[in-house]
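These notes concern the structure reproduced below.
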């Protein structure tokens, strides 16, 4: 139930920001470019710059609060899990911090500083990718994405439309069920049991709800033959800036990754390039991500 | 060619004990505005679903006969094809919306019909202006209230100007202002573009004046097919519970013919000499305005009611984070045994106020005090049901008290609207023991949605009995007729503030939209809200008129002598 309720707090809502004013497909490409850059690069300084970029972009788009709320528990868990798992699984690195002996399937467990740092870098990448995806969810108009999808594959778009709508309908159902249960006079046997009962009731109703939504889509003529292709949304003045930002971020990341100018090696000893190319690259990555937000005309 | 033809149609839902439709034959011509009346469970919604092609394509079951929509046979064409010719709006607005923004929802219906970008943009602009949803166009559909969802769904059904519009209680979630406007917008569409309308509505007083034809259904069959006046004559003899308040008023006053609306009723009264010259004419003199202003101020300064406090809200504010204030310093004192109705337009703060009373919300400022528990029944009784059988929801004693003991093995979702409400009330009042709980207050949010008049009457009687036991009853409703049946006090809310609070006769009789039909006919005279009160007033007037004419005859005779 809370998962469904949480799902609606991370939802697209039109806000007065340049990213929201851009077309949904462009906003999605912009978010994806940061996520792909995080997968291409492994230098912690550059990853730090990307994390700063995605959070600053979320703040400039007015969606930082829901992003942080969504990640307030899962963010630290992801980071810690990567660090702990890598420390226990990895057998590389020379700076041994503790000798914990033989752990059966895991073998000899000797956590090293290098394994911990490498785990932290992996966790950082995952965080950036997650934040980028959440930014897309909050700032890219799903209708534009569905519209684009309908041009390519109408049936997939139909499934996506039902699924998209169903999430908010079920979340509303869950909220109403939870409110109604709070009106019952007897004290609930346990919070978990009550939540389970609500979740079960919500999911039981999901089939009926999806049928209702499918029936309505059918009656709106969604499956009718001879249907016109959806008209594309008119171009926004912000499209070009965000498209160039995304392209620049991707190109720069590729150059940095392929040139080896921003190398990072965790094993056997930690080596991080901190030269001028890295500093310039980090600055450019931040600038490319944030410059499109400077133009604030026509964002309402 | 008829836009809708039923030829000897019979239909049974899968595993149903009896048919939902039997022997239905009817023709709806272009430009007809037809109201479909009947008690709950009479088959109205099923007939509408058959016209939309959902029966039998979506629901299965056994189907006989033939339904044709503008020449398309529903046995050969599914809801998608029928949807191109008939705009449909079903009961639950939550599932009538399929896209994530309002603009996309409206565009979809046009794009599906193959219209180009400029035609789509123009149609969206026009329908949003017509239905007053221009401000909602860029909003996410998940953020809309029930009333807003209903208007958007209606706009999506109307946007392509189909030759036939099928509507299942489209005003059920709307306040009286929006509901009346919607009916007149439908009438305008019907008159200006020859669109045929088939409308299901329980509150017939709202739509009868706009209708050309009324079909009444009972047990799956059409039992009356006539113009509004003919229907009311039939209802007076056969189904009094389908009679409108105006028709009841005129009949109980011993007058004829039954009126289809306020205007006809006033004409009848005027002919009988029972309408005073300044009554209900809509002329508000300067003096009257001053009097009303003084009256409103007096209503707002209403003193604390006498009696032990059951529920008290003191300076309650509810302010949304990054949003507006929903309640703005509400003061409300309800004594034990009082029956209070909360009225106001959609978004006035009625539901939020009840949620504060029921402890579901905490005020951001101010405080709520209750002398005991406040049992709160939210808008949808189905939300209270978690079990698969009625008997698992409440204790046997509570089930017995609710009169549902014989339905213990049924699934709660298979119950009728009235039975669901009784079960939900049993749940919130269940003590788990032999005796039901006696809360300090019972609060109900829009309890009459989708109910027919007889079910409303039963609910009003039940609420009156609880009040007589000393329980405070607070009900939020748009239904003035229902309010007048049980409440003694009315509180009018607007933009989160109490703007009037007083005896129901004083608050509702003088209003435009929140007045009952009887009060509108009589212009608020004598504070009469219900047909029986109005008829009593009219009989008294008639007696006075006869008495004065007798006196005049006697005086003339004496003078002659």
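Protein chains in written order, with the working numbering: chain A, 88 to 387; chain B, 7 to 567.
Where is the CB? At the ideal position from N, CA and C, for every residue including glycine.
This one's a predicted model, so the numbers in the text were calculated from it and none came from an experiment.
Thinking C-beta only, is residue j closer than 7 Å to residue i?
{"i": "residue 239(B)", "j": "residue 264(B)", "result": "yes"}
{"i": "residue 247(B)", "j": "residue 72(B)", "result": "no"}
{"i": "residue 184(B)", "j": "residue 111(B)", "result": "no"}
{"i": "residue 484(B)", "j": "residue 98(B)", "result": "no"}
{"i": "residue 10(B)", "j": "residue 170(B)", "result": "yes"}
{"i": "residue 58(B)", "j": "residue 94(B)", "result": "yes"}
{"i": "residue 106(B)", "j": "residue 387(A)", "result": "no"}
{"i": "residue 451(B)", "j": "residue 357(B)", "result": "yes"}
{"i": "residue 229(B)", "j": "residue 504(B)", "result": "no"}
{"i": "residue 220(B)", "j": "residue 41(B)", "result": "yes"}
{"i": "residue 502(B)", "j": "residue 515(B)", "result": "no"}
{"i": "residue 97(A)", "j": "residue 213(A)", "result": "no"}
{"i": "residue 445(B)", "j": "residue 378(B)", "result": "yes"}
{"i": "residue 172(B)", "j": "residue 204(B)", "result": "yes"}
{"i": "residue 136(A)", "j": "residue 350(A)", "result": "no"}
DSSP on residue i, reduced to helix/strand/coil?
{"i": "residue 357(A)", "result": "coil"}
{"i": "residue 33(B)", "result": "strand"}
{"i": "residue 230(B)", "result": "strand"}
{"i": "residue 270(A)", "result": "coil"}
{"i": "residue 441(B)", "result": "coil"}
{"i": "residue 195(A)", "result": "strand"}
{"i": "residue 104(B)", "result": "coil"}
{"i": "residue 321(B)", "result": "strand"}
{"i": "residue 339(B)", "result": "strand"}
{"i": "residue 178(B)", "result": "coil"}
{"i": "residue 388(B)", "result": "helix"}
{"i": "residue 352(A)", "result": "strand"}
{"i": "residue 72(B)", "result": "strand"}
{"i": "residue 196(B)", "result": "helix"}
{"i": "residue 113(A)", "result": "helix"}
{"i": "residue 8(B)", "result": "coil"}
{"i": "residue 172(A)", "result": "helix"}
{"i": "residue 222(B)", "result": "strand"}
{"i": "residue 308(A)", "result": "coil"}
{"i": "residue 374(B)", "result": "strand"}
{"i": "residue 367(B)", "result": "coil"}
{"i": "residue 336(A)", "result": "helix"}
Tell me whether residue i is buried or exposed, calling it buried when 16 or more other Cβ atoms sit within 10 Å of its Cβ.
{"i": "residue 6(B)", "result": "Past the boundaries of the shown model lies residue 6(B); chain B is included only from 7 to 567, so the question cannot be answered."}
{"i": "residue 14(B)", "result": "exposed"}
{"i": "residue 550(B)", "result": "exposed"}
{"i": "residue 135(B)", "result": "exposed"}
{"i": "residue 291(B)", "result": "With a pLDDT of 40 at residue 291(B), under the threshold of 50, the predicted position of this residue should be treated as unreliable, and no value is reported."}
{"i": "residue 74(B)", "result": "buried"}
{"i": "residue 376(A)", "result": "buried"}
{"i": "residue 520(B)", "result": "buried"}
{"i": "residue 105(A)", "result": "buried"}
{"i": "residue 189(A)", "result": "exposed"}
{"i": "residue 294(A)", "result": "exposed"}
{"i": "residue 144(B)", "result": "exposed"}
{"i": "residue 164(A)", "result": "exposed"}
Using the beta-carbon of each residue, which ones in chain A are nearer than 8 Å to residue i?
{"i": "residue 349(B)", "result": "What residue 349(B) touches in chain A: nothing, since even the nearest Cβ is about 22 Å away."}
{"i": "residue 390(B)", "result": "267, 268, 270, 271"}
{"i": "residue 434(B)", "result": "270, 271, 272"}
{"i": "residue 85(B)", "result": "302, 305, 306"}
{"i": "residue 58(B)", "result": "306"}
Please compile the residues from chain B whose C-beta is within a distance smaller than 7 Å of the C-beta of residue i.
{"i": "residue 121(A)", "result": "Near residue 121(A) there are no residues of chain B at all, since even the closest Cβ is about 24 Å away, more than 7 Å."}
{"i": "residue 230(A)", "result": "105, 106, 107, 110"}
{"i": "residue 288(A)", "result": "392"}
Which bits of chain A does residue i rub up against, with CB to CB less than 7 Å?
{"i": "residue 100(B)", "result": "256, 259"}
{"i": "residue 386(B)", "result": "263"}
Along chain B, in chain order, which residues have C-beta atoms closer than 8 Å to that of residue i?
{"i": "residue 300(A)", "result": "101, 104"}
{"i": "residue 251(A)", "result": "106"}
{"i": "residue 101(A)", "result": "107, 144, 145, 146"}
Note down, in chain order, every chain B residue with its Cβ under 9 Å from the Cβ of residue i.
{"i": "residue 284(A)", "result": "392, 393"}
Notebook entry, point to check: Can you give, in chain order, each stretch of the beta strand (DSSP E) that sits fully within the stretch 501-542 of chain B and has at least 3 residues?
Noted result: 503-509
Next item on the list: Would you mind listing the alpha helix (DSSP H) stretches within the stretch 401-464 of chain B that are 4+ residues and don't spill past its ends, in chain order?
Entry: 402-407, 423-435
Item checked: Completely contained alpha helix (DSSP H) runs for the stretch 246-286 of chain B, where each covers 4 or more residues -> The stretch 246-286 of chain B contains these whole alpha helix (DSSP H) runs: 251-258, 268-277.
Notebook entry, point to check: What alpha helix (DSSP H) runs, 4 residues minimum, are completely inside the stretch 123-189 of chain B?
Noted result: 123-136, 152-164
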